[in-house]
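Single-structure report; data block below.
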Amino acid sequence: MVFIGKGYHVGKIDEELISAGSTSWETDLHEEEQILIVGHNQLATNVAKIENNSLREFDLHWDLRRHTVWSKINTSRTDLIRLRAGHVNGQLWYVGLNCTDSALEDVQTVFEQIDIMRRMFETLRQDLSLVTSVSELHTAILQGKIASLLAVKGGHSINSKLGLLRSLYALGVRCMSLASERNCCRWVDSAIVDMRDIGTADMRHDLSLWGRMVVWEMNRLGMIVDLAYASYGAALDVLHHSRAPVIFSNAGAYTINRHHLNVREDVLIPLATQGGLIMVSFDPKLLGGYTIDNVLEHLNYLREVIGPDHIGIGSGFDGFDSAIEGLEDVSKFPNLFAALAKGKYTDGEKFPPWTKDELRKLAGLNFLRVFHEVEQVKQELSGEQPLEDDVLSNKKLLTACVIAVVITICAIVVPIAVVNSYDEASPTPTKFSGREVLDEVPLIDGHNDLPFSIYQVERNLINHFNLDSNLKAHPVWAIVNTSHTDLPRLRQGKLGAQFWVAYIRCADTQYKDAVARTLEQIDVTKRIIRKYPNDFKYADSADGIMEAFREKKLASLIAVEGGHSIDSRLAVLRLFYELGVRYLTLTHSCNTPWADASPMDDVSPAPAPSQLTNLSAWGRHVIWEMNRLGMMIDISHVSYGVMRDVLQHSRAPVIFSHSSAHAVFEHHRNVQDDILWELGKKRGIVMVNFYPLFVGGNTIDDVINHLNHIRTITGVDHIGLGGDYNGVAVTPEGLEDVSKYPDLFDMLASGALRTGESFEPWTREDLQKLAGLNLLRVFREVERVRDSLSDEEPFEDLIPYEEFVRANVADQPCMSDIDMHKMMAHKKTLTMGVLILLGVVAVAIAVPIATNSDSDNSVVPQVNQLFGRTVLDEVPLIDGHNDLPWNLYNYERNQINRFELNTNLKEHPVWGPATNSHTDIPRLKAGKVGAQFWVAYVGCDNQYKDAVERTLEQIDVIKRMVRKYSDHMKYVTSTEGIMEAFQERKIGSLIAVEGGHSMDSRLAVLRMFYELGVRYMTLTHSCNTPWADASPIDDQPEATLRNVTDWGRNVLWEMNRLGMLIDISHVSHGVMVEVLEQTKAPVIFSHSSSYAVFRHHRNVQDDVLKQLVENNGIVMVNFYTGFIGGRSIDNVIEHLNYIKSVTGPDHIGLGGDFDGVPDVPEFLDDVSKYPDLFDLLADGTYKNGTTFTPWSREELRKLAGENLLRVFREVEQVRDSMVDVEPYEDLIPYQDFVDAGVAEQPCMSDMDIHKQ
């Protein structure tokens, strides 16, 4: 194994990765092995000059640093010894010289150098292998050889003959740079013309029509087009016309060093959009310096601008005469990778370290991808005929045609121009139309409220709603004054990416159901994106935006507008991020307990400083957690004080997603100049709003005035667009809807307002930044801060009650856990002291009992040779129900950063005395638990209040627990995941929700639970929901039974469609029967026992057990003494034996209910005791000495986990069979609330919509 940098190696690569027919690039890029392919080496030129193309007195095996001639050549950086030391696996060898006055001599030079290189490859065939395809490259590397590709420097080498191009291909050439240092090619400009400032059309060619034919023929052949040395205009032309990705084999970033051979940002973006690659040169002239730090600076900048998928190593060795300190020759590549992995310049300054995946891409995977895609294009064009030179050979005919076309155009255009000149003065001619930019970079709009419009107009029922239609002609949408968006207009507006906003009004929902309703808006956004896959592509990263743009789709991102949507809960913030939310606006128009909204700035008289919250101490935790997550902080809508606080405390750039300039129009929603100045220093961005009330006027000119003003304050690097379409009732003239963006860009490029007033035109580069490059830069920097904080623990402190008091919202009738926030530090200390005392007492009592227990256990009958516990080494023991997360809430307030589960909690001062504490990692290991459903449970007292957000907190603490103990636990969501964890000897950890009250009668919340990993939901707990009865009703003869309502069936079918197990523990007998009749998939009882053995409403009657067999489901037996009718392990066995007698062994499992009950059976008192149970079942002997028919090994395997795995697989199969079924989206009818006796819902802000 050969290492590059710390922990990175090169060696073999996965065969599928580079096979000609591979279609699994994204998967294969995550393979472990790494290769190094270097993009540019001019050894052939030195061999030609020094050895006169002779190998008689030259051997690449020699150490040329000691050679009497070569050691004096200041461009000599290459020999086999140093190539091996540099761990080079692949090399592009360039042949050819700069052009001369003789085209034939140039051609001859290329062919001679190809010949010498091919002979060298043959001579050194044990070390070098000529390769002409990805598959050959792979083979060479597997053989331990340096895969060698031939490349030609300069299109002059083909003497304007496509036949010569094809001849080069036949000789093995797989790459050609179109230009060289000198501008001697008639059909393409060299970059030298950029240095000479040649601007007139008759002096520049860029890429001629014949040059396009060269590019197209290279595409057809499968030859990589190299833009190194090409002019700026030629590069843009090639990027426009090439049908395959292209490369710069030897270049740097123009922004870092303004050298004419380096690549400008407005070329980099289309290069990345097309899937191309820039391979960084080590030439000090291009880098602008002579140290390895200069290389690092270029690489880091390129990673920031175009991401890690479009960068490679070019080097250019043997082509320049000065050496980079630390990268003197081809042996020094490891130095570069070590520095990138370390994240530190030689002067000590730090940068975000490059990840393992990023370094693998840089080293060679990016080049492999490009080469592979070039071959794919070749295959696609295999039916095309070769292009012929004579298409453009008749120059007289061509000239005549061109003159005829020009005369025709003039005959049409000149009279029109004259007539128009009478109407209005013509604007100053511009070199480009602003809208052209929107084909080069993605136009990213920061804020669109279409999802809220869908809620208002369609009630989020989108199965029969058509966004791909002209909504201006729709009978309902046409009269909605906030309707500015549909697919036809999005296409016309050239949108490349859109942040769709999950917004709900703070005045209606704050301190009520804001979280649940925000989840509904996230859900409808995701469903809209999925409904139109040919137009929208879901994205949650900067790279995702560019990927969508390359596919000509609208990158669709999710944002949440207003901190009220997280209900002052960091767990909700984390799960929003997991669901795809990529920015959060800290407030809307109302204050939160931890941040002031902008209307505070207009309060008269102005509040005293002591009356302002600004950003509270806990509010800082919100922004730091957003930094840690990689979620952009949006400070539109916040007060001036919050803006300043956020800019001071955020560790990443921030955004204003839809705000304008206060200096242009004084409105509290706009941004003052001092904030704009600080924003620029923070490298953030303000995305200008179009709402006339905020811009102070009703025309496109008013928006431009804001853009121009912000440009003067921040510079062009900190501006974007956030139109606020579908969120405002009025839009400016000229920017009426999303179709009008191109008009705005045209005006900015022209430098003229509609009034005729002029301003400094925006350059192409300016407009590219405005359109999307600025936002992409900010997004990438936020992602890098996230990556740098990957070792930080989540912020988990609860918001102090004092912040509610300070915000004058201390009374929280819809917040069931407000008392938890009131706990004072001294009270906690007192409580801890009492519990410690209790712990000592408990130990004093427990030790003698434990001693007696040991003596009792010594008389347990000897088990037979079939030790039941050995089964648990063969199949995973899957327990269906454990309430440890609920105890984490009760005892630790879900603050687990400093809580240790990997210890004996029986000795813990708090957990030890607790009668409902049965679980820790040592006991899980002793119990041979293979998989566990961890339950996100909140009590029925949360129903109709904050059940959703508190359930999210429980889901979050489960995920954090599993991540914290990743050496012992593995998060899984499928049957395959359970088995993978078992093979890794980890506890497969799944998430379940106990009680339908947790979804608040909202199918969208159910869907979001599934997306967050929930794999079963118990339909009720001990309280009825509006759509299903709970088991206590079976003990109430006077009660009216509703069983499962019509809408409740939608819950079942949506769970079937999602692939979520339906759990009917806790439900009434009538619900059990109806669920088994209606479900399309097997169901489970996650923790229930036999009613015939012990008559309790929580247990399962025989008729239901028989139905369960027909359904192919499973009942997982509960251990709670209150349900099994006794206090011994024998009682559990009695239930197991009885159920087996009714259902057979295929429908039984275990759901201990540990940590959720105060009393458990003797000899089965915690999770460590499962093996004892299996031993007794295998032996066929109760603890009391009586016997029963022993369970066979096969039966024990089924009980342990095989039955649950079978049910889970069948549920997954039903899900897959329903893949074309649209989501169930009907709202629960108001009548269901009425029938359930809960018509009054003070914490439910949207009850009226259910009454419609």
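Take my numbering: the last position of the sequence shown gets the number 1288, and nothing is skipped along the way.
Cβ atoms here follow ideal geometry from the backbone N, Cα and C, with glycine treated the same way.
Tell me where the alpha helix (DSSP H) around residue i begins and ends.
i: His483; result: Not the alpha helix (DSSP H): His483 falls in the beta strand (DSSP E), residues Leu479 to Asn484.
i: Gly350; result: Careful: Gly350 lies outside any alpha helix (DSSP H), inside the beta strand (DSSP E) at Ile347 to Phe353.
i: Lys1000; result: Ala983 to Lys1000
i: Leu376; result: Phe369 to Lys378
i: Val1015; result: The identity of residue 1015 in the sequence shown is Met, whereas the question assumes Val. Residues Thr1011 to Gln1019.
i: Trp129; result: From DSSP, Trp129 is part of no alpha helix (DSSP H) but of the beta strand (DSSP E) over Gly126 to Val131.
i: Ala1236; result: Ala1236 -> no alpha helix (DSSP H), and no H or E assigned at all.
i: Leu1200; result: From DSSP, Leu1200 is part of no alpha helix (DSSP H); its letter is neither H nor E.
Have a look at the options and flag the residue whose alpha-carbon is nearest the alpha-carbon of residue i.
i: Phe369; options: Arg210, Asp982, Gly963 and Ile71; result: Ile71
i: Glu1113; options: Leu497, Leu937, Asn484 and Leu1088; result: Leu1088
i: Ala183; options: Thr175, Gly190 and Lys189; result: Thr175
i: Val1203; options: Asp956, Glu587 and Ala139; result: Asp956
i: Gly720; options: Met679, Gly732 and Leu91; result: Met679
i: Pro1118; options: Val1129, Ile1100 and His1132; result: Ile1100
i: Asp1310; options: Met582, Val250 and Arg1051; result: Residue 1310 is absent from the model: the chain starts at 37 and stops at 1288.
i: Leu1235; options: Gly1216, Gly1185 and Ile671; result: Gly1185
i: His742; options: Ala697, Val766 and Thr735; result: Ala697
i: Gly379; options: Asp823, Met1283 and Ser1104; result: Asp823
i: Ala1272; options: Val617, Ala584, Leu609 and Asp1065; result: Asp1065
i: Phe535; options: His296, Val1250, Thr1223 and Pro487; result: Pro487
i: Lys981; options: Met856, Pro1278 and Leu1209; result: Pro1278
i: Ser1010; options: Ile854, Asp977, Ile991 and Leu1094; result: Leu1094
i: Thr621; options: Pro629, Tyr927, Ser601 and Ala375; result: Ser601
By DSSP's criteria, residue i is part of a beta bridge. Which residues make up the other side?
i: Phe692; result: Val722
i: Cys211; result: Ala187 and Ile260
i: Gln968; result: Asp915 and Ser1025
i: Phe1190; result: Asn918
i: Tyr574; result: Ser592
i: Leu531; result: Leu479
Count the other CB atoms, across all protein chains shown, that sit within 10 Å of the CB of residue i; report buried if there are 16 or more and exposed otherwise.
i: Val1145; result: exposed
i: Val1270; result: exposed
i: Asn893; result: With a pLDDT of only 37 at Asn893, under 50, the local geometry of the prediction cannot be trusted, and no value is derived from it.
i: Arg747; result: buried
i: Trp713; result: exposed
i: Arg113; result: buried
i: Gly258; result: buried
i: His97; result: exposed
i: Gly384; result: exposed
i: Ser794; result: exposed
i: Glu141; result: exposed
i: Arg816; result: buried
For the beta strand (DSSP E) containing residue i, list its first residue and its last residue.
i: Lys1006; result: Met1005 to Tyr1007
i: Leu757; result: Ile755 to Leu757
i: Arg618; result: Val617 to Thr621
i: Ala78; result: In the sequence under discussion, the amino acid at residue 78 is Gln, which differs from the Ala named in the question. That residue, Gln78, is in no beta strand (DSSP E); it is neither H nor E in DSSP.
i: Glu597; result: Leu590 to Glu597
i: Leu164; result: Leu164 to Leu166
i: Ser1177; result: Premise fails: Ser1177 lies in the alpha helix (DSSP H), Ile1165 to Thr1179, not in any beta strand (DSSP E).
i: Arg1051; result: Val1050 to Thr1054
Cβ contact (3+ pairs, closer than 8 angstroms) linking the region 932 to 939 and the region 1018 to 1030: no
The region 770 to 783 touching the region 540 to 553, judged by at least three CB pairs closer than 8 angstroms: no
At least 3 beta-carbon pairs within less than 8 angstroms: the region 759 to 775 vs the region 698 to 710: no
Cβ contact check for the region 591 to 598 and the region 644 to 660: 3 or more pairs under 8 angstroms: no
The region 1117 to 1137 / the region 1168 to 1181 touching (three or more Cβ pairs under 8 angstroms): yes
Inter-stretch contact at 8 angstroms, needing at least 3 Cβ pairs: the region 260 to 275 / the region 359 to 369: no
Validate contact between the region 540 to 548 and the region 1022 to 1041 using beta carbons, cut 8 angstroms, 3 pairs: no
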